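**Student:** Take the sequence shown: its position 204, counting from 1, is numbered 214 in this note's numbering, and each next residue is one higher. Glycine included, C-beta positions come from ideal geometry on N, C-alpha and C. Just so you know, these numbers come straight off a predicted model, no measurement behind them.
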Amino acid sequence: MSCMGKIWEIKFVTYRLGERANVIERCGFTTLVARSCQNCPTYRAILSICGQDNSTISKEYECYIDWLEDMMRVLDKKAMPDFMTTLWNSWNNRNNFTFRGKEDEAQVIWDKARTLSQEFRICNLINDPLLSTNPTVKRWEKPPKGFVKINFNASVCNNRFGYGVIVRDEDGFVLSCGRDFKEVSSVEEAECNAFEESIKLACKLNINNDVIFDTDNCCLVNKVKYQRTYITIIGTRIKECTKAFVKFKSADLVWKNQSCNLVADLICYKICTEAYTCFFEMDYPLDIHDAVMCDAI
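1) Just the C-alpha distance for Asp138 and Phe130, rounded to the nearest angstrom, thanks.
2) Applying the 10 Å Cβ sphere with the 16-neighbour rule, what's the burial state of Arg83?
3) For Asn103, which of Ala89, Asp224, Val118 has the nearest alpha-carbon?
4) For Ala125, does the count of other Cβ atoms within 10 angstroms reach 16, so buried, or fall short, so exposed?
5) Which first and last residues belong to the alpha helix (DSSP H) in which Phe130 is found?
6) Inspect the CB distances between the segment 245-257 and the segment 293-306 and report whether three or more fall short of 8 angstroms.
7) Compare the C-alpha of Asp92 against each of Trp120, Ala274, Trp150 and name the closest.
8) For the segment 215-226 against the segment 153-173, do three or more pairs of beta-carbon atoms, one drawn from each stretch, fall closer than 8 angstroms, so that the two count as touching?
9) For a test of the three-state rule: what should DSSP assign to Gln85, helix, strand or coil?
10) DSSP three-state label for Lys308, please.
11) Taking Leu272 as the reference, give the member of Ala301, Lys152, Leu215 with the closest Cα.
12) Have a look at Ile241, Cys228, Lys259 and flag the residue whose alpha-carbon is nearest the alpha-carbon of Gln268.
13) Please name the residue, chosen from Phe258, Trp98, Asp262, Asp224, that lies closest to Lys235 on a Cα-to-Cα basis.
14) Suppose the cutoff is 8 angstroms on Cβ atoms and the five residues either side in sequence are ignored; what does the same chain contact list for Ile244 look like?
15) What is the DSSP secondary structure of Trp77, reduced to helix, strand or coil?
16) Given the structure, does Asp114 come close to the ligand MN, in the sense that its CB is under 7 angstroms from one of the ligand's heavy atoms?
17) Under 8 angstroms by Cβ, that's how I've got Ile176 and Ala89 pegged, so tell me the actual separation to the nearest angstrom.
18) Identify the continuous beta strand (DSSP E) that holds Leu263 and give its terminal residues.
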């Protein structure tokens with residue numbers, strides 16, 4: 011059987027009527043699966059077709075993941091992905107029989123698994139991998155000409171919430187603001203506060219052209235993009251933030267990697283640890299100056 015290739019991801023979701031599954035949190039498998047494989051004649055037939063004997067499932071295991079770990083010791087890196095594909099097709103066949111009353115023959119299940127593995131192998135040969143083998147270090151990028159980029163972040167340290175904001179145009183550093191706020195019940199609320207303060211700062215600076223708000227909090231970005239589904243106090247505040255976008259020529263909230271938000275992170279850390287409110291233009295602390303220069307180089 012051909013190797014499935016570099017990229018494969020299988021998530022098993024199992025359910026059995028009338029039985030209580032002992033869920034193994036670290037992988038999502040259940041002991042119920044192991045018992046089902048041991049007692050399933052179809053699966054034994056599939057093992058025979060692919061050249062394995064019943065010794066692979068004859069041993070008793072408390073947890074299904076323990077069996078898979080044993081199989082990883084027996085099979086090599088090329089065979090294990092194929093084995094997982096076969097296992098997934100076998101369990102999918104069992105679910106189809108349980109919930110739909112349809113069941114395939116062992117040879118059909120084996121053929122489906124082999125075809126799927128071949129398709130993955132071909133896909134991996136003609137397409138670039140999802141994760142680059144040569145990862146690049148991401149960093150802050152200057153905004154397009156005429157745009158202003160506002161990086162912000164919120165964090166908690168020593169039981170204190172703080173936020174940091176830095177505003178830069180296409181030429182570099184413009185203004186930075188940091189502040190300590192204590193009356194916040196959650197990190198989610200802290201991020202929302204940071205977003206609100208970023209918009210207020212932009213208005214205070216009379217910025218009315220194109221603005222890009224950068225954050226490394228994907229939850230906040232998702233709440234902005236799908237705000238209709240968040241009927242909460244935080245959701246209402248986020249809607250008010252997006253309404254304030256009309257004050258600018260254009261505005262957008264964009265998720266960026268944490269390495270692209272280092273200056274805002276540093277301001278957060280300083281605010282939380284030193285417990286003071288600061289607002290500065292060009293007269294900023296040396297460590298923040300060094301971080302800004304590293305971004306600019």
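**Tutor:** Quick look at the numbers:
1) For this step, residue 138 is matched to residue 128 along the sequence shown. For this step, residue 130 is matched to residue 120 along the sequence shown. Cα to Cα, Asp138 sits roughly 12 angstroms from Phe130.
2) On the sequence shown, position 73 is the one that residue 83 refers to. Exposed: under 16 other Cβ atoms inside 10 Å.
3) As a position in the sequence shown, residue 103 is number 93, starting the count at 1. When each option's Cα is compared against that of Asn103, the closest is Val118.
4) Along the sequence shown, one-based indexing puts residue 125 at 115. At residue 125 the sequence reads Thr, which differs from the Ala that was named. Residue burial is scored here from C-beta neighbours: Thr125 has fewer than 16 other C-beta atoms within 10 angstroms and is therefore classed as exposed.
5) The count along the sequence shown starts at 1 and reaches residue 130 at position 120. Counting along the chain, the alpha helix (DSSP H) containing Phe130 begins and ends at 116-136.
6) The answer is no - the segment 293-306 does not touch the segment 245-257, with fewer than three Cβ pairs under 8 angstroms.
7) Position 82 of the sequence shown, counted from the start, is the residue given in the question as residue 92. With distances taken between CA atoms, Asp92 lies nearest to Trp120 out of Trp120, Ala274, Trp150.
8) yes
9) Looking up residue 85 in the sequence shown gives position 75. For the record, residue 85 in the displayed sequence is Leu; it is not Gln. Three-state DSSP puts Leu85 in coil, outside helix and strand.
10) Residue 308 is absent from the structure shown; the chain starts at 11 and stops at 307.
11) Here residue 272 refers to the residue found at position 262 of the sequence shown. Minimum Cα distance to Leu272 is reached at Ala301.
12) Within the sequence shown, residue 268 is the residue found at index 258, counting from 1. The residue with the shortest Cα to Cα distance from Gln268 is Cys228.
13) If you number the sequence shown from 1, residue 235 lands on position 225. For Lys235, the closest of Phe258, Trp98, Asp262, Asp224 by C-alpha to C-alpha distance is Asp262.
14) The count along the sequence shown starts at 1 and reaches residue 244 at position 234. Short of 8 angstroms from the beta carbon of Ile244, and not among the five residues preceding or following it, lie these beta carbons of its own chain, in chain order: Glu198, Glu199, Cys202, Lys233.
15) Here residue 77 is taken as the residue at index 67 of the sequence shown, counted from 1. Reduced to three states, the DSSP call for Trp77 is helix.
16) For the structure depicted, the ligand MN is absent and the ligand set is empty, with no information on it obtainable.
17) The count along the sequence shown starts at 1 and reaches residue 176 at position 166. The count along the sequence shown starts at 1 and reaches residue 89 at position 79. Wrong, their Cβ atoms sit about 52 angstroms apart, outside the cutoff.
18) Along the sequence shown, one-based indexing puts residue 263 at 253. 260-265 is the extent of the beta strand (DSSP E) around Leu263.
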